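Order-wise, the sequence lines are chains A and B.
Once you know that position 485 of the first sequence is 514 in the working numbering, the rest is easy, because the numbers rise by one and skip nothing.
Once you know that position 114 of the second sequence is 143 in the working numbering, the rest is easy, because the numbers rise by one and skip nothing.
Structure first, then comments.
There are 2 protein chains.
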Amino acid sequence: MTQLRVGLAQLNPTVGDLAGNAALIREGTAEAAQQGADVVLFPELVLTGCPLEDLASHPAFAQDSRERLAALARELADDGHGATLVILGCLDHDETGPRNAVAALHRGMVVAEQFDHHPDGAFGEHHPTHPGQSLEVLQLHGVNIGMLSGTDLGMSADTCTTLANSGVDLILAPAAIPFERGAANRLAPLLQQRATETGIVIGGANPVGGQDGLVFDGNSRIVDGHGTGLYQAPRFESRVATMDTTIGTNVVETSPDTGGPRIRHHHLDGGSRSQHPHTTPVSGEALSDEAQTWSALVLGLRDYSRKNGFQSTLFGFSGGIDSAVCAALVADALGADALHGVSMPSRYSSRHSTEDAEELAERIGCHFRSENVEDIVADYVTRLQLTGLAEENIQARVRGMLLMAISNMEGHLVLAPANKTELAVGYSTLYGDAVGGFAPLKDVFKTQVWRLARWRNDEANRRGETPPIPERSINKPASAELRPDQADTDSLPEYTLLDSLLGRYLEDEWDRAALVTSGFDTETVDRILRMIKGTEYKRRQYPPGTRVSRRAFDRDRRFPITNAWHETH
Amino acid sequence: MTQLRVGLAQLNPTVGDLAGNAALIREGTAEAAQQGADVVLFPELVLTGCPLEDLASHPAFAQDSRERLAALARELADDGHGATLVILGCLDHDETGPRNAVAALHRGMVVAEQFDHHPDGAFGEHHPTHPGQSLEVLQLHGVNIGMLSGTDLGMSADTCTTLANSGVDLILAPAAIPFERGAANRLAPLLQQRATETGIVIGGANPVGGQDGLVFDGNSRIVDGHGTGLYQAPRFESRVATMDTTIGTNVVETSPDTGGPRIRHHHLDGGSRSQHPHTTPVSGEALSDEAQTWSALVLGLRDYSRKNGFQSTLFGFSGGIDSAVCAALVADALGADALHGVSMPSRYSSRHSTEDAEELAERIGCHFRSENVEDIVADYVTRLQLTGLAEENIQARVRGMLLMAISNMEGHLVLAPANKTELAVGYSTLYGDAVGGFAPLKDVFKTQVWRLARWRNDEANRRGETPPIPERSINKPASAELRPDQADTDSLPEYTLLDSLLGRYLEDEWDRAALVTSGFDTETVDRILRMIKGTEYKRRQYPPGTRVSRRAFDRDRRFPITNAWHETH
């Protein structure tokens with residue numbers, strides 16, 4: 030038995046910002062070194078950010094990344110932290126294409142680099158055709174440390190088992206597993222499974238932050254050889270945590286040469302160790318479904334805005350629940366001063382809509398203006414003699430164009446406030462309420478929007494603050510207000526029923542037969558399935574938005590637009 | 030040596046239309062049987078259409094597909110063609126997920142079905158975890174016929190070699206390889222390579238038709254064991270062709286059992302054979318670059334419209350080259366009566382724009398109207414005091430909304446006429462000229478648009494018809510006409526230079542260093558690369574359009590929107 034002081038650094042890198050990400054890694058290493066860490070673990074692809082999509086296969090980028098890694102190793106030594114072993118995930122490339130890699134930096138050098146043994150995991154179609162050739166083992170203060178990317182760790186047990194059978198005492202895994210609603214990040218069960226399979230200690234570092242539609246929620250952790258958690262970092266916050274970890278000495282089985290990967294050993298001089306005692310930090314707490322979803326939505330919105338250089342956001346305040354929840358999200362993500370609301374009443378807007386929009390702006394303390402769209406709508410309606418759906422749509426579109434024009438003049442990021450329910454059944458107007466650079470509620474069903482609104486107001490009450498969302502916006506029946514006395518339930522089932530059906534069909538992958546057997550009305554099922562199928566083209570043109578479910582539109586669910594199949598069983 | 034009469038049926042299936050596709054297969058079989066075919070080969074996934082995207086992993090769909098296949102086998106026998114062996118590609122599923130399969134139908138039964146041996150090829154991320162377990166060999170009139178999907182054929186030589194080593198005399202491959210500009214469909218070199226590797230005759234059937242952005246161009250073919258083409262079907266046309274094929278008897282090597290796939294033999298009773306002599310049909314001719322690109326654009330547009338139930342299209346006639354070429358494409362794809370052009374002059378429109386739009390409508394003989402957008406634009410401009418880019422954009426957007434309103438009233442498919450050059454550098458207005466359900470020129474650079482225009486007019490002259498495109502639309506300098514005396518070259522390099530740079534960067538995957546070394550001005554390169562990088566968000570919301578290059582936006586090239594990396598080497 031021996032002790033190793035292990036640092037887990039869950040940071041928020043930005044895709045492509047090699048210099049900025051390197052600076053974050055230097056700060057994280059400094060913080061861990063100050064806490065006496067012998068080794069610090071960083072997330073997967075932390076130097077480049079991720080996911081990289083086709084940027085991964087751009088050779089000049091991989092080349093820049095490789096050069097930056099070598100410079101980083103030198104800089105860490107220049108910072109006086111050369112003796113601290115740094116393990117991180119990075120991008121490399123060889124003749125087969127981009128490689129997802131883990132690297133070890135020590136005393137100014139990249140002492141080891143290992144390519145994924147399941148090369149089709151990280152970059153999808155661009156996968157190289159052969160697995161990594163070696164497994165790199167770092168001996169530090171008598172402990173044999175193996176490295177594996179979270180991707181390799183997740184793809185199968187075999188590489189992990191090979192490491193354990195080669196005498197490794199500790200596995201450190203740079204990971205990048207995005208948020209999905211649930212008890213913990215999926216890193217937790219993964220580490221637990223591999224630890225119990227191999228009987229050795231495994232640590233995983235996961236990033237924090239938003240990248241286009243994806244959110245990473247941290248929750249880095251280390252588990253012992255029984256799978257018991259020794260520490261878990263909080264979710265949604267950058268954090269460098271260091272803990273003394275007891276490492277059992279692995280009984281090395283001399284395994285026969287089966288033609289598997291070559292094991293390469295590196296003996297590192299860890300130098301003198303910290304004599305300061307260190308208290309294991311307190312693990313992050315579990316979060317309620319509403320708390321974690323809210324945090325993910327705030328982080329996704331903040332990082333999309335911030336990382337793309339937007340200082341402020343703009344969208345229509347309709348008086349309804351979606352724009353109210355979007356407003357509260359912006360206030361939490363960027364501050365009330367970064368929020369510009371526009372009320373755009375038309376002839377079908379009820380008085381309470383304008384009042385509720387005003388109350389929302391007052392409660393939040395954001396910028397607010399009112400623009401009447403009646404004249405422009407009337408101009409289109411009269412000239413083209415618009416009726417029915419065309420008249421409904423033109424109202425939404427005149428509003429959308431007005432928002433885009435203000436954005437052009439003032440530089441705000443326009444947000445599209447529609448929710449997942451509306452997107453699923455096509456209950457939104459292309460180029461109308463669908464305009465925007467980002468859609469915060471794209472992956473949140475309508476009934477979840479209501480739950481989040483109530484939860485956020487309760488939180489405010491608990492903290493003695495003004496609840497941001499007007500009560501009437503939560504309690505009144507939903508309406509698009511595009512024709513007289515319109516209610517969403519004129520065209521749609523009650524939202525409780527609708528979301529229950531959509532959740533099972535879209536996220537739990539039930540088929541029509543299962544829906545009908547479970548008691549949903551056959552006619553309703555067929556109508557909703559037809560609406561989902563018929564509106565794929567709208568979803569293809571919808572802006573990106575934060576993913577919080579296992580199955581988000583576009584990223585996880587893309588059906589053909591041209592599709593003659595109707596489910597009938 | 031023996032003779033087999035082989036039919037190649039290149040058909041145009043529709044994704045999801047199991048009944049319609051089965052009807053096509055019955056018609057194709059009847060036609061081949063009438064020509065005395067012993068065996069007829071159909072394309073990959075012909076019963077379901079393709080690509081299926083996430084429809085592939087919908088179990089109820091795979092189940093429907095499987096049932097339809099069994100019914101089809103019975104129907105073929107009922108049609109009196111049970112003795113004709115039918116080989117086709119279809120969708121199946123097992124406990125690991127969807128399976129890309131080839132099946133053999135004979136005498137009312139599905140006599141053999143074989144799953145892909147490279148299961149990650151057809152459905153990307155949804156790939157099953159294990160390869161197909163068997164290779165099915167059909168003995169008909171003394172010939173041993175092996176089957177392989179085009180996907181399996183393309184992934185590696187091994188399965189093909191295994192078949193050859195097992196005594197197979199002929200391989201028939203249901204394929205589905207989309208069009209890319211080039212001398213022939215990529216099926217040609219693939220068949221040639223596998224035939225020369227194995228020394229046996231190989232036939233491949235490829236579909237024809239558009240599916241969302243993809244176009245299949247047929248060009249089905251059969252090659253002998255030296256790789257010499259025996260017959261190639263034309264491109265872009267449905268065709269059933271039958272030819273007498275001389276099959277060499279393969280020398281069977283009794284290969285040792287190496288734990289490879291199991292070979293299963295099926296002895297089929299082909300019944301009495303046709304005594305009518307049959308002349309090998311004439312092979313399809315090579316097409317010029319313009320001719321094949323034009324055919325692909327026509328087919329892609331026609332099938333998107335037709336398969337999605339649109340009878341007519343609508344877009345703005347600006348007097349410029351893009352809308353003129355789009356108009357000519359619609360006329361060729363759907364007829365002039367299916368085309369509705371709208372001239373929407375504003376204060377910055379030059380007189381020749383309106384004249385050229387009118388001349389276009391006259392030349393084509395399509396529906397045409399003029400709507401002045403000045404009042405509505407002025408309303409926005411005055412109310413919001415719009416200047417600069419905001420004033421430019423609102424003109425494009427007021428036009429876009431007008432088109433959408435007319436479409437809502439009259440049911441036309443709105444087309445977005447922008448080209449690949451504009452899309453690459455973001456020279457189009459989101460929700461303005463970018464509105465539409467389909468973008469015919471999305472993958473065609475501006476200089477190619479001009480070339481296509483000249484080619485199409487020349488074709489008309491050659492045929493003694495009225496050239497569809499006004500000469501002035503081809504020859505005048507390009508301008509968006511959104512401010513006084515604007516020309517595209519105010520903000521962009523000359524198109525010849527720009528397209529040369531874009532083609533190398535986007536399609537040939539040159540990096541910045543290669544561009545600079547080859548002589549492009551450094552400042553221009555940096556400016557254009559920055560424009561490409563900064564407009565990814567616009568491309569994400571752009572409608573689908575016909576793919577004609579190796580690297581089409583969205584389908585083949587997706588970069589992160591949030592991306593801090595600038596190429597500097």
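All C-beta atoms in this analysis are idealised placements derived from N, C-alpha and C, irrespective of residue type, glycine included.
On a predicted model such as this, the values are computed, not experimentally measured, just so you know.
Residue i versus chain B: which residues are under 9 Å apart at the beta carbon?
| i | result |
| --- | --- |
| lysine 475 of chain A | Within 9 Å Cβ-Cβ: nothing; lysine 475 of chain A doesn't reach chain B, min ~23 Å. |
Would you please verify whether the beta carbon of residue i is less than 8 Å from any beta carbon of chain B?
| i | result |
| --- | --- |
| isoleucine 276 of chain A | no |
| lysine 449 of chain A | no |
| methionine 433 of chain A | yes |
| arginine 541 of chain A | yes |
| leucine 430 of chain A | This sequence places methionine at residue 430 of chain A; leucine is not what is there. True, the Cβ-Cβ gap to chain B drops below 8 Å. |
| lysine 336 of chain A | yes |
| aspartate 149 of chain A | yes |
| arginine 569 of chain A | yes |
Could you tell me which chain A residues have their CB closer than 8 Å to the CB of residue i, listed as they occur along the chain?
| i | result |
| --- | --- |
| histidine 598 of chain B | Ala89, Gln92 and Asp93 |
| valine 44 of chain B | Pro589, Thr591, Asn592, Ala593 and Trp594 |
| valine 427 of chain B | Met430 |
| asparagine 422 of chain B | Met433, Ala434 and Asn437 |
Under a CB-based cut-off of 8 Å, is residue i close to chain A?
| i | result |
| --- | --- |
| proline 572 of chain B | yes |
| glycine 49 of chain B | yes |
| phenylalanine 588 of chain B | yes |
| tyrosine 460 of chain B | yes |
| leucine 101 of chain B | no |
For residue i, does the count of other Cβ atoms within 10 angstroms reach 16, so buried, or fall short, so exposed?
| i | result |
| --- | --- |
| valine 311 of chain A | exposed |
| threonine 476 of chain B | buried |
| glycine 440 of chain B | exposed |
| asparagine 504 of chain B | exposed |
| asparagine 422 of chain A | buried |
| asparagine 490 of chain B | exposed |
| leucine 418 of chain B | exposed |
| glycine 238 of chain B | buried |
| proline 218 of chain B | exposed |
| threonine 309 of chain A | exposed |
| alanine 509 of chain A | buried |
| histidine 296 of chain B | exposed |
In whole angstroms, what is the alpha-carbon distance linking residue i and residue j?
| i | j | result |
| --- | --- | --- |
| threonine 575 of chain B | asparagine 448 of chain B | 11 Å |
| glycine 183 of chain B | histidine 147 of chain B | 9 Å |
| leucine 199 of chain B | arginine 569 of chain B | 45 Å |
| proline 506 of chain B | valine 371 of chain B | 21 Å |
| glycine 211 of chain B | glutamate 266 of chain A | 52 Å |
| isoleucine 590 of chain B | tyrosine 409 of chain A | 34 Å |
| leucine 531 of chain B | tryptophan 539 of chain B | 10 Å |
| aspartate 253 of chain B | isoleucine 229 of chain B | 6 Å |
| alanine 434 of chain B | serine 382 of chain A | 25 Å |
| aspartate 332 of chain A | alanine 482 of chain A | 22 Å |
| valine 269 of chain A | arginine 128 of chain B | 45 Å |
| leucine 101 of chain B | leucine 53 of chain B | 11 Å |
| methionine 272 of chain A | aspartate 149 of chain A | 34 Å |
| tyrosine 460 of chain B | arginine 426 of chain A | 9 Å |
Interface residues of chain B around residue i at Cβ under 8 Å?
| i | result |
| --- | --- |
| glutamine 240 of chain A | Pro589 and Thr591 |
| glycine 466 of chain A | Tyr566 |
By the criterion of Cβ-Cβ separation under 7 Å, what are the contact partners of residue i in chain A?
| i | result |
| --- | --- |
| alanine 419 of chain B | Ala434, Asn437 and Met438 |
Whose Cβ in chain A lies nearer than 9 Å to the Cβ of residue i?
| i | result |
| --- | --- |
| aspartate 408 of chain B | Asp404, Ile405 and Asp408 |
What does residue i reach in chain B if we use C-beta pairs closer than 7 Å?
| i | result |
| --- | --- |
| glutamate 82 of chain A | Arg587, Phe588 and Pro589 |
Every unbroken alpha helix (DSSP H) within the segment 36-93 of chain A, with a cutoff of 4 residues, ordered by chain: Whole alpha helix (DSSP H) segments, 4+ residues: 47-63.
Beta strand (DSSP E) runs contained entirely in the segment 464-497 of chain B, provided each spans 3 or more residues: none
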